[in-house]
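Peer 1:
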């Protein structure tokens, strides 16, 4: 152990810096993005489940698995801001994914006779890309289940690989616990369940049929434990009365299998274009080319490992594009870490090559595995592979510099001024521009808390909000959970007159308010007896978009008092 620390002290120091930097990038100014609709729902569920143990399976009413909300509950006890508590769960799982990317990369290429320092540096590169990529930073800072799903997926693959290579029952069981955690987190965990056996690719299969049959039998025995544990955990959800809602709600998001025969390219091609846009803007940019270069290098030198990473990284993306009814960047986030590892192969080829070990550049230029020095006795033919090999060092250095600079540029905006960040259209619209973006909700809650002080006996503050479920009223309720003298009620959308419940509240003598986005208000406020208290503008809509043409250049959240 002492020799390991002494030989790899530089790499271990870099690993420490990457972890600290990753934590900073995920925890700094954690409220920079306003609360999102799904975040409000999940945190509100966690509060209700904490208060009433009999409702621990409440998310099943909407077909959602509850593990993320269960993990939020303990943090609600120690952190005052419920949004911070929810987002910290994703921060923690994001750091777990960072470590998982490092371990996965090291384990994946561990069977090759490469210098240990080289393997460490290759793994550090993969984890560094994950640490600074705006894709991971954006979703590791939101109170959504996607970061947790990615975390469990990575560790499912890590333990599956170790099981295949070492025939260990303990790691097969750990793979089962990881897969079970994923199944309790979100429905796309089904991909992990289907892809875990792909790790069999890494096995060294004997030539004799009997020996091969015996090895397959051992694998089936070990992975039986994996699946028994995973689905035993998943079937805990049957204790809830709404377990059937998972299947029902899944149908709202995905097409049936027959869709591939009916309309295979609609909306498949549109979604593929969207996915490329996600990679280009959040990857960001040059990462796309580094992944392609990494696939090329990996195919030349680590074919089985590359196939495994492609299966886990590309196949779910393609199937999601084919069968999903809607598309956003978070739907493919769980596949991203495996592509980061492929990108690290392109960077690791020359940037981190130590003395000794196998130089991937020389292999690409035409050397044989038995002649890793690349020396040749005759003039090599000029080929695409040869050109890439001869220029690989410059390509990867330029790519690495662009990747780091572009990533940090986008990260700076995400952490300090998200409205200035160049986000994909679906993300900017949902998280910053439309009714789902919760600008002004926390400020509204603070104002209402002040108004609830020194109320006359028997009176309270009553707040009507647009909608019944989502950013409002859930986003407001999470901040007013411990204030029994403030009542929040949903009153619907597209209001043309003051709801009867608010009229009755005002007549009773309560302080009565209405919180609504301007696009949901279909009458003049003064005609409804409303007086504006505060207005909270959201990010500007781009000119020419559908939302701009329908609702104008900007959404505004209004706080009105009923007079």
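In UniProt numbering, the protein residues as written are 1 to 563.
Note that CB positions come from ideal geometry on N, CA and C, so glycine has one too.
Predicted, not measured: the structure shown is a model, and the values here were computed from it.
Identify, in the order they occur along the chain, each residue of the same chain with its Cβ nearer than 6 Å to the Cβ of residue 306, setting aside the five sequence neighbours on each side.
Peer 2: 298, 299
Peer 1: Starting from residue 517, trace the beta strand (DSSP E) in both directions and tell me its first and last residue.
Peer 2: 511–517
Peer 1: Relative to the C-alpha of residue 411, which residue among 16, 29, 6 is closest?
Peer 2: 29
Peer 1: Taking DSSP as the reference, what is the three-state secondary structure of residue 138?
Peer 2: helix
Peer 1: To the nearest angstrom, how far is the alpha carbon of residue 405 from that of residue 346?
Peer 2: Cα-Cα distance, rounded: 18 Å.
Peer 1: Quick one: is residue 22 buried, meaning 16 or more other Cβ sit within 10 Å of its Cβ, or exposed?
Peer 2: If you draw a 10 Å sphere on the C-beta of residue 22, you find 16 or more other C-beta atoms in it, and that means buried.
Peer 1: Quick one: measure Cβ to Cβ for residue 43 and residue 83, integer angstroms, because I've assumed they're closer than 8 Å.
Peer 2: 7 Å
Peer 1: In the DSSP assignment, what are the bridge partners of residue 461?
Peer 2: Paired residues: 486, 511.
Peer 1: Determine the DSSP secondary structure at residue 560, reduced to helix, strand or coil.
Peer 2: Strand.
Peer 1: Per DSSP, what are the beta-bridge partners of residue 90 in this structure?
Peer 2: Paired residue(s): none; residue 90 is not in a bridge.
Peer 1: Taking Cβ positions, are residue 450 and residue 520 nearer each other than 7 Å?
Peer 2: no
Peer 1: Beta strand (DSSP E) containing residue 321: first to last residue?
Peer 2: Where residue 321 is concerned, there is no enclosing beta strand (DSSP E), although the alpha helix (DSSP H) it sits in stretches over 315–323.
Peer 1: At a cut-off of 6 Å, is residue 437 close to the ligand PLP when judged by its beta-carbon and the heavy atoms of the ligand?
Peer 2: The ligand PLP is not among the ligands present in this structure, which contains no ligands whatsoever.
Peer 1: So who's on the other strand from residue 36, going by DSSP bridges?
Peer 2: For residue 36, which the question treats as bridged, DSSP gives the partners 437.
Peer 1: If the criterion is Cβ atoms closer than 7 Å, does the pair residue 341 and residue 160 meet it?
Peer 2: no
Peer 1: For residue 68, which of 319, 176, 187, 244 has the nearest alpha-carbon?
Peer 2: Measuring C-alpha to C-alpha distances from residue 68 to each of 319, 176, 187, 244 identifies 187 as the nearest.
Peer 1: Closest to residue 6 by C-alpha separation, out of 27, 117, 102, 62, would be which residue?
Peer 2: 117
Peer 1: How many Å lie between residue 407 and residue 453 at the Cα?
Peer 2: Cα to Cα, residue 407 sits roughly 46 Å from residue 453.
Peer 1: Ordered along the chain, which non-local residues of its own chain (more than five positions away) have a Cβ less than 7 Å from that of residue 109?
Peer 2: Correct list, in chain order: 119, 122, 302, 305.
Peer 1: Please confirm if the segment 84–95 is in contact with the segment 52–67, defined as three or more CB-CB distances below 8 Å between the two stretches.
Peer 2: Three or more Cβ pairs closer than 8 Å define a contact, and the segment 84–95 falls short of that threshold against the segment 52–67.
Peer 1: How is the beta strand (DSSP E) around residue 227 delimited, first residue to last?
Peer 2: Per DSSP, residue 227 lies in no beta strand (DSSP E) segment; the continuous alpha helix (DSSP H) that holds it begins and ends at 209–234.
Peer 1: Which residues share a DSSP beta bridge with residue 467?
Peer 2: 492
Peer 1: Residue 309: buried (16+ other C-beta within 10 angstroms of its C-beta) or exposed?
Peer 2: buried
Peer 1: Please classify residue 224: is it buried, with 16 or more other beta-carbons within 10 angstroms of its beta-carbon, or exposed?
Peer 2: That one is exposed.
Peer 1: Cα-Cα, which of 489, 516, 517, 518 is closest to residue 505?
Peer 2: 489
Peer 1: Could you tell me which of 421, 481, 508, 235 sits nearest to residue 459, measuring between CA atoms?
Peer 2: 508
Peer 1: Buried or exposed: residue 312, going by 16 or more other Cβ atoms within 10 Å of its Cβ?
Peer 2: When all chains shown are included, residue 312 counts as buried.
Peer 1: How do the segment 177–185 and the segment 122–133 stand: do at least 3 beta-carbon pairs fall below 8 Å, yes or no?
Peer 2: no
Peer 1: Identify the continuous beta strand (DSSP E) that holds residue 497 and give its terminal residues.
Peer 2: Run containing residue 497: none; DSSP gives neither H nor E here.
Peer 1: Report yes if the C-beta distance between residue 134 and residue 34 is below 7 Å; otherwise report no.
Peer 2: no
Peer 1: Could you tell me the distance, in whole angstroms, from the CA atom of residue 218 to the CA atom of residue 173?
Peer 2: 14 Å
Peer 1: Determine the burial state of residue 190: buried for a count of at least 16 other Cβ atoms within 10 Å of its Cβ, exposed for fewer.
Peer 2: It counts as exposed.
Peer 1: Output the distance between the C-alpha atoms of residue 49 and residue 142, rounded to the nearest integer angstrom.
Peer 2: 20 Å
Peer 1: Alpha carbon to alpha carbon, how far is residue 463 from residue 444?
Peer 2: 10 Å
Peer 1: Tell me, which residues are paired with residue 534 by DSSP?
Peer 2: 559
Peer 1: Mapping DSSP to helix, strand and coil, what is residue 8?
Peer 2: coil
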